[in-house]
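**Student:**
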Amino acid sequence: MMREEFSAADMPSGVIRCSEAQAALHAYVDGEFGLLANVTATQLSVHVLACSPCAAFLGQLKALQQRLACSCGCEAPAELRTRVITRITQMHVNGDMFAYLDEVRVEDF
Amino acid sequence: MIGTDDAESLKDGVALPAVIDQPSPHNLTGTGPTVDLDTETPAERLARFEREAVPLMSGLLAHARKRANGDEYLAFDLVQMTYEKAYRHFAQYRPGTNLRAWLHRILDNTHNNIYRSQRRQPAAISVDGLMADQESDAALALLGDFPSAEQMALESLPDDDIQTALAALSEDFRKVVELADGQGYAYKEIAEMLDIPLGTVMSRLSRARNKLRESLRDAAFERGYLDAASAQVSQP
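Shown next as structure tokens:
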């Protein structure tokens, strides 16, 4: 079901291996891709778009990260929480007409 | 179905694929009781939003910190913009699907849109390579729309399983994961906090995540979220 991974012998220059791609994907999901000197974003995306195991790996990494976010019990600051709730309550009071327009527009496509 | 955030992306003339709209297999991450969207009043929708979306804010903030590169004000703004968009489009969110993933996706799109609009300014387009990298970045951001069985299991497992898997890590590994994924600190900050080299942060983090994936795969198998074949998928 899974295709074999690229072996080193198949590597044209500029093509990266699964192991390199996956190491880079860890940095990519952290927004730290700029730290990697050995892999460019183009190399990474060319690899991942063509390699379903690495694409699946990226999805799993993102899902894992989402589950771990604040799993350690940290809370968003009250200041931010208040800001957001105030804003959406305002939108609820003032903005229903715009919300309605948005819905119409999206449904129409 | 057109994804909720498409209204935003279409404005920029870039068609993004629909947000994940497969119901999560065990309905643990999305809306519990079914909602009749046709008869729901705006006040009920606001209440549902506050009940379901607002409690996910801490996780979103951790995600926003990563996107904001340590700029706490930008991280706050990203979270607020995400909630504004999410609320505006909340009727488009399909109850029972993965709300957390939906919100994280909106945050990523919001960040990408800021990125794109910055790129239109002269200073940012002076280097061709940078352009290419940002295009690739956008391409990669679109992946993950067709979740693997393991991804769907990760999205659906109860929080207890996540905690158990974390507790099973050695302390060195757990600390790095908590700072990076739990709170969204940058590698450089973690290196300073723990007084270890940057390379060690990166290697501990990837090893810790691989261990977590392994134990969560086992947990998902035991709960029947994954069949034997999917549970045995090794590293590609």
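Taken in order, these protein sequences are the chains called A and B. The numbering used here puts the first residue of the first sequence at 929, with every later residue one more than the last. The numbering used here puts the first residue of the second sequence at 1342, with every later residue one more than the last. Every residue, glycine too, gets a C-beta built ideally from N, C-alpha and C.
#1: Just to confirm before moving on: does the CB-CB distance between leucine 1510 of chain B and alanine 1549 of chain B stay below 8 Å?
#2: Here's a check: name, in chain order, each residue in its chain whose Cβ is nearer than 7 Å to the Cβ of glutamate 1491 of chain B, leaving out the five neighbours to either side.
#3: Taking buried to mean at least 16 other C-beta atoms within 10 Å of its own C-beta, is phenylalanine 1037 of chain A buried or exposed?
#4: DSSP state of glutamine 1524 of chain B, grouped into three classes?
#5: Going along the chain, which residues of its own chain have a beta-carbon closer than 6 Å to the beta-carbon of phenylalanine 1562 of chain B, five neighbours each way excluded?
#6: For serine 947 of chain A, is the classification buried or exposed, using 16 other Cβ atoms within 10 angstroms of its Cβ as the cut-off for buried?
#7: Just checking my contact of phenylalanine 1390 of chain B with tyrosine 1414 of chain B at CB under 8 Å: how many whole Å lie between their CB atoms?
#8: So, under 8 Å CB-CB, valine 1518 of chain B and leucine 996 of chain A are touching, yes? Tell me the CB distance rounded to an integer number of Å.
#9: One question on the structure: do lysine 1516 of chain B and glycine 959 of chain A come within less than 8 Å of each other, judged by their Cβ atoms?
#10: With 16 as the cutoff for other CB atoms within 10 Å, does glutamine 1018 of chain A come out buried or exposed?
#11: Which residues in the same chain as aspartate 1030 of chain A place their Cβ atom closer than 8 Å to its Cβ, once the five residues preceding and following it in sequence are excluded?
#12: Please name the residue, chosen from B/Val1376, B/Asp1501 and B/Met1422, that lies closest to arginine 1435 of chain B on a Cα-to-Cα basis.
#13: My understanding is that glycine 1523 of chain B touches alanine 1403 of chain B, with C-beta atoms under 8 Å, so please give their C-beta distance in whole angstroms.
#14: Under 8 Å, Cβ to Cβ, is there at least one residue of chain C near asparagine 1410 of chain B?
#15: Along chain B, in chain order, which residues have C-beta atoms closer than 8 Å to that of isoleucine 1013 of chain A?
#16: If we call anything under 8 Å between Cβ atoms a contact, is alanine 1004 of chain A one with serine 1556 of chain B?
#17: Closest by CA to methionine 1582 of chain B, which one among A/Ala984, A/Leu977 and A/Thr968?
#18: Tell me, to the nearest whole angstrom, how far the beta carbon of leucine 1582 of chain B is from that of leucine 1440 of chain B; I am working on the premise that it is less than 8 Å.
#19: If you count every other CB in all the chains shown that lies within 10 Å of the CB of valine 1012 of chain A, and 16 or more means buried, which is it?
#20: Please confirm whether alanine 1334 of chain B and alanine 1560 of chain B have their CB atoms less than 8 Å apart.
#21: I'd like to know whether the C-beta of arginine 945 of chain A is nearer than 8 Å to at least one C-beta of chain B.
#22: Compute the Euclidean distance between the alpha carbons of glutamine 994 of chain A and glycine 942 of chain A, then round it to the nearest angstrom.
#23: Please list the residues of the segment 1516-1536 of chain B that have a C-beta atom closer than 8 Å to any C-beta atom in chain A, keeping them in chain order.
#24: Given that a residue counts as buried once 16 or more other Cβ atoms are within 10 Å of its Cβ, and exposed if not, what is threonine 1014 of chain A?
#25: Mark methionine 1422 of chain B as exposed unless 16 or more other C-beta atoms lie within 10 angstroms of its C-beta, in which case mark it buried.
#26: Which residues of the segment 1486-1497 of chain B have a Cβ closer than 7 Å to any Cβ of chain A? Give them in chain order.
**Tutor:** Quick answer:
#1: yes
#2: Arg1558, Leu1567, Ser1571 and Val1574
#3: In this prediction, phenylalanine 1037 of chain A has a pLDDT of 32, which is less than 50 and means its spatial position is unreliable; nothing more can be read from the coordinates.
#4: coil
#5: Ala1572
#6: exposed
#7: Incorrect: roughly 24 Å between the Cβ atoms, too far for contact.
#8: 6 Å
#9: no
#10: exposed
#11: Low local confidence applies: a pLDDT of 47 at aspartate 1030 of chain A is under 50, so the model's placement there is unreliable, and no value is given.
#12: B/Val1376
#13: 6 Å
#14: Any reference to chain C falls outside this structure, whose protein chains are A and B.
#15: Glu1391 and Val1395
#16: no
#17: With chain B running from 1342 to 1577 in the structure shown, residue 1582 of chain B is simply not present.
#18: For chain B, the structure presents residues 1342 to 1577; residue 1582 of chain B sits outside this window and is missing.
#19: buried
#20: In this structure chain B extends from 1342 to 1577, so residue 1334 of chain B is not present and cannot be described.
#21: no
#22: 31 Å
#23: Val1518, Glu1519, Ala1521, Asp1522, Gly1523, Gln1524, Gly1525, Ala1527 and Tyr1528
#24: exposed
#25: buried
#26: Pro1488, Ser1489, Glu1491, Gln1492, Leu1495 and Glu1496
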